[in-house]
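Heads up: the structure comes next, in structure tokens.
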Amino acid sequence: MLDTLLPMLLRLDESGILFPLGLLFALYAAGHALLSRRDPRTAWGWIAVCWLFPFAGPALYFIFGINRLQTRAQRLGLESRRPGEHGVLHPDDVRHHPHTAGAHIPPWLDEVTRTADTLTRLPLLGGNRIEPLHNGDQAYPRMLAAIEQARHSVALATYIFDNDAIGQRFVDALDRARARGVDVRVMIDGFGQHYSLVPITRVLRARGIDCAMFNPLRLLPPSLHVNLRNHRKLLLVDGTVGFSGGMNIGRRHVLGDGGAPNPAVDLHFEIRGPVLDQLAQAFADDWRLCGKPEWQRPPRATAVDDPGAICRVIIDGPNEDFDHLALIMQSAISAARREVQIMTPYFLPPNEMISELQGAALRGVDVQVILPEKSNLPFVDWATRNMLGELLRFGVRICYQPPPFCHSKLLVVDGAYALIGSANLDARSLKLNFELGVEIYDRSLAQTLAAHCSAVRARAREIHLAEINGRSLPARLRDALFWLFSPYL
Numbered sequence: 006m007l008d009t010l011l012p013m014l015l016r017l018d019e020s021g022i023l024f025p026l027g028l029l030f031a032l033y034a035a036g037h038a039l040l041s042r043r044d045p046r047t048a049w050g051w052i053a054v055c056w057l058f059p060f061a062g063p064a065l066y067f068i069f070g071i072n073r074l075q076t077r078a079q080r081l082g083l084e085s086r087r088p089g090e091h092g093v094l095h096p097d098d099v100r101h102h103p104h105t106a107g108a109h110i111p112p113w114l115d116e117v118t119r120t121a122d123t124l125t126r127l128p129l130l131g132g133n134r135i136e137p138l139h140n141g142d143q144a145y146p147r148m149l150a151a152i153e154q155a156r157h158s159v160a161l162a163t164y165i166f167d168n169d170a171i172g173q174r175f176v177d178a179l180d181r182a183r184a185r186g187v188d189v190r191v192m193i194d195g196f197g198q199h200y201s202l203v204p205i206t207r208v209l210r211a212r213g214i215d216c217a218m219f220n221p222l223r224l225l226p227p228s229l230h231v232n233l234r235n236h237r238k239l240l241l242v243d244g245t246v247g248f249s250g251g252m253n254i255g256r257r258h259v260l261g262d263g264g265a266p267n268p269a270v271d272l273h274f275e276i277r278g279p280v281l282d283q284l285a286q287a288f289a290d291d292w293r294l295c296g297k298p299e300w301q302r303p304p305r306a307t308a309v310d311d312p313g314a315i316c317r318v319i320i321d322g323p324n325e326d327f328d329h330l331a332l333i334m335q336s337a338i339s340a341a342r343r344e345v346q347i348m349t350p351y352f353l354p355p356n357e358m359i360s361e362l363q364g365a366a367l368r369g370v371d372v373q374v375i376l377p378e379k380s381n382l383p384f385v386d387w388a389t390r391n392m393l394g395e396l397l398r399f400g401v402r403i404c405y406q407p408p409p410f411c412h413s414k415l416l417v418v419d420g421a422y423a424l425i426g427s428a429n430l431d432a433r434s435l436k437l438n439f440e441l442g443v444e445i446y447d448r449s450l451a452q453t454l455a456a457h458c459s460a461v462r463a464r465a466r467e468i469h470l471a472e473i474n475g476r477s478l479p480a481r482l483r484d485a486l487f488w489l490f491s492p493y494l
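Note that the working numbering gives residue 350 to position 345 of the sequence shown, counting from 1, and the numbers run on in steps of one.
In structure tokens form, the structure reads like this:
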């Protein structure tokens with residue numbers, strides 16, 4: 006093929022067509038990037054690639070740079086849910102939803118609720134019970150037991166589903182549920198499935214389990230995105246119990262017997278109550294985005310506690326008009342009076358969030374950020390170190406947690422508000438991936454999570470500005486170089 010293509014290109018070049026054709030392609034691709042990219046550094050990066058490499062650059066942009074999922078979501082009506090749809094209210098009506106009538110939310114958090122009202126157009130729902138589960142040692146037995154007890158439906162969505170001993174236990178439980186006549190549906194990210202040499206999707210389909218891949222990698226039509234991944238983790242059983250948080254499925258999340266040699270510490274949550282209906286809607290939307298028929302959702306869940314935890318699901322992704330999670334996090338940090346606690350495995354927040362953290366520290370709020378001493382992505386660690394000085398100078402306290410690698414994602418404000426879910430504090434989660442969060446107004450749970458953060462900090466090593474400024478010149482150059490690529494890490 007190259008033997009025929011190369012002479013043809015040379016003949017075109019002799020005729021003077023090739024150069025203006027390359028410029029035309031570069032101009033079109035650069036214009037598309039300029040109009041469609043929300044982050045200026047990302048736009049500049051693609052524009053530079055298109056102009057420096059007039060043929061290869063536009064080709065790379067059209068393969069890797071275009072958000073085709075947004076187009077598909079718009080076609081399905083999923084790009085941004087509108088008032089009047091299932092569970093979606095006009096912002097002025099959200100506060101008067103029957104579940105939130107009389108609900109006690111601290112007045113200083115009112116701006117957080119109003120921000121989320123406007124962005125999500127979903128009501129806050131009371132009567133929920135949220136229980137934190139530490140690592141796969143606690144979470145997996147609960148999840149497997151729920152699947153074994155399922156009578157009507159099981160919906161499972163995850164980024165990574167390892168084909169290992171833990172993964173096989175889940176496959177067996179799902180298969181037994183299917184054999185009992187339970188409607189079993191599994192959705193796995195098309196990139197995340199390749200963390201296993203033999204993807205678990207092959208095993209699931211061989212068992213007759215209805216399995217969907219989200220945005221699978223393929224050459225034609227081109228879909229080779231490392232970005233635009235579905236990073237959500239969700240298990241829903243019969244509309245009565247759900248599980249969500251930051252944990253994938255695999256041995257790496259088990260610390261006890263049968264765990265991986267280099268485990269990852271994580272938090273997952275068992276959820277009961279009316280907020281399960283919003284979680285079910287998130288799964289149903291993603292299921293349709295995979296090209297699957299509409300999912301017959303389970304009946305609405307009833308309140309299990311009175312008043313219970315007041316919760317709302319935050320659905321975020323590149324198909325949304327705004328960066329929901331980032332804006333709500335920034336609003337919560339802005340509202341803090343006493344304490345902000347953040348735990349995240351990867352920390353490259355947007356400039357707006359950095360400003361909110363700086364402002365909170367300046368007004369006397371105890372801002373704590375807990376990071377792993379060493380993550381599984383060293384280039385992210387290097388980029389992070391380049392920007393930590395911006396926070397340390399303003400009085401933000403930053404700690405490095407010793408191994409094992411901590412994969413937990415938490416935001417706790419004043420022991421009264423908590424945000425849990427799948428999102429890391431980096432551009433990949435906050436701008437490029439499909440993420441899922443649950444905001445929780447419940448003092449008991451928030452104080453439990455705050456105590457967990459404090460216990461972790463007691464074992465961690467606090468870093469200071471002198472340490473960051475004392476890095477060697479080669480280390481500073483390396484860190485700064487990788488920080489330039491932070492929109493893509």
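Ideal Cβ positions, reconstructed from N, Cα and C, are used throughout, including at glycine.
Quick caveat, the model's predicted, so the values are computed rather than measured.
Any heavy atom of the ligand GTP inside 7 Å of the beta-carbon of residue i?
i	result
H273	As for the ligand GTP, it is missing from this structure, which has no ligand bound.
If you draw a straight line from the alpha carbon of residue i to that of residue j, how long is it in whole angstroms?
i	j	result
L415	R402	16 Å
F134	A423	Reading off the sequence, residue 134 comes out as Arg, not Phe. If I take the Cα positions, the gap works out to 14 Å.
G89	A471	The predicted position of G89 is uncertain, since its pLDDT is 44 and thus under 50; a value taken from the coordinates is nonetheless stated next. Using only the alpha carbons, I get a separation of about 55 Å.
P304	P221	31 Å
H101	A451	Bear in mind that a pLDDT of 49 at H101, under 50, signals an unreliable position, so the number given afterwards is only what the model happens to contain. If you take the alpha carbons of H101 and A451, they lie about 24 Å apart.
A421	K297	39 Å
A121	D326	14 Å
D484	T389	8 Å
S41	R147	43 Å
E395	L233	29 Å
G195	G369	45 Å
I254	D167	6 Å
R481	P204	39 Å
L29	G36	11 Å
Y33	L65	13 Å
V2	A460	An answer regarding residue 2 cannot be provided, because it is not within the stretch 6 to 494 covered by the chain.
I320	F439	8 Å
A184	T206	18 Å
L486	P383	13 Å
H2	E116	Residue 2 falls outside the range modelled here, since the chain spans only 6 to 494, and no answer is possible.
H95	T123	At H95 the pLDDT is 47, less than 50, meaning the model places this residue with poor confidence; the figure from the coordinates comes in the next sentence. Taking the straight line from one Cα to the other gives about 8 Å.
A331	H157	36 Å
F399	S339	15 Å
Can you list, in chain order, the residues of its chain whose CB lies under 8 Å from that of residue i, leaving out five sequence neighbours each side?
i	result
P407	E378, R464, A465, R466
G50	P492, Y493
A289	E299, W300, R302
R342	W113, V370, D419
T453	P137
R2	Because the chain in this structure spans residues 6 to 494, residue 2 falls outside the shown range and cannot be described.
Please return the same chain residues whose Cβ sits closer than 6 Å to the Cβ of residue i, not counting the five positions on each side in sequence.
i	result
D180	R212
G62	V54, C55
Y164	D194, G197, H236, N253
R210	C216
Q373	Q346, R402
W292	W300
R190	A160, D215
Find the nearest neighbour of residue i within the set the options, judged by alpha-carbon distance.
i	options	result
G250	F274, D115, L332	F274
L39	L29, D371, A53	A53
D282	D243, M218, A61, V117	D243
G247	V187, P268, I276	I276
R223	K238, H199, I214	H199
S477	A182, W387, R190, D215	W387
P279	E116, F384, D328, G131	G131
L161	R256, L241, P355	L241
L353	L367, L393, I333, N381	L393
I473	P350, N391, N267	N391
L435	E357, C458, Q143	E357
W488	C458, D431, A456, A455	D431
M218	R119, K238, M192, S201	M192
If you follow the alpha helix (DSSP H) that residue i is in, where does it begin and where does it stop?
i	result
E153	140-153
E472	470-474
M334	329-340
P63	61-65
Looking at the secondary structure, which residues open and close the beta strand (DSSP E) in which residue i lies?
i	result
A217	215-219
S158	158-163
D188	188-194
D3	Since the displayed the chain opens at 6 and closes at 494, residue 3 lies outside it and no answer follows.
M348	344-348
S434	First-last for S434: undefined, no H or E at that position.
Going by beta carbon distance, what residues of the same chain come within less than 7 Å of residue i, once the five residues before and after it are set aside?
i	result
S413	G251, V270, D271, L272, M348
V208	N168, V176
Quiz prompt | At least three beta-carbon pairs within less than 8 Å, the segment 170-181 to the segment 303-314 | solution = no
Quiz item: Do three or more CB pairs link the segment 340-347 to the segment 140-156 at distances below 8 Å?
Solution: Note that the segment 340-347 does not touch the segment 140-156; fewer than 3 beta-carbon pairs, one per stretch, sit closer than 8 Å.
Quiz item: Using 8 Å as the threshold, is the segment 351-365 in touch with the segment 258-277, meaning 3 or more CB pairs across them?
Solution: no
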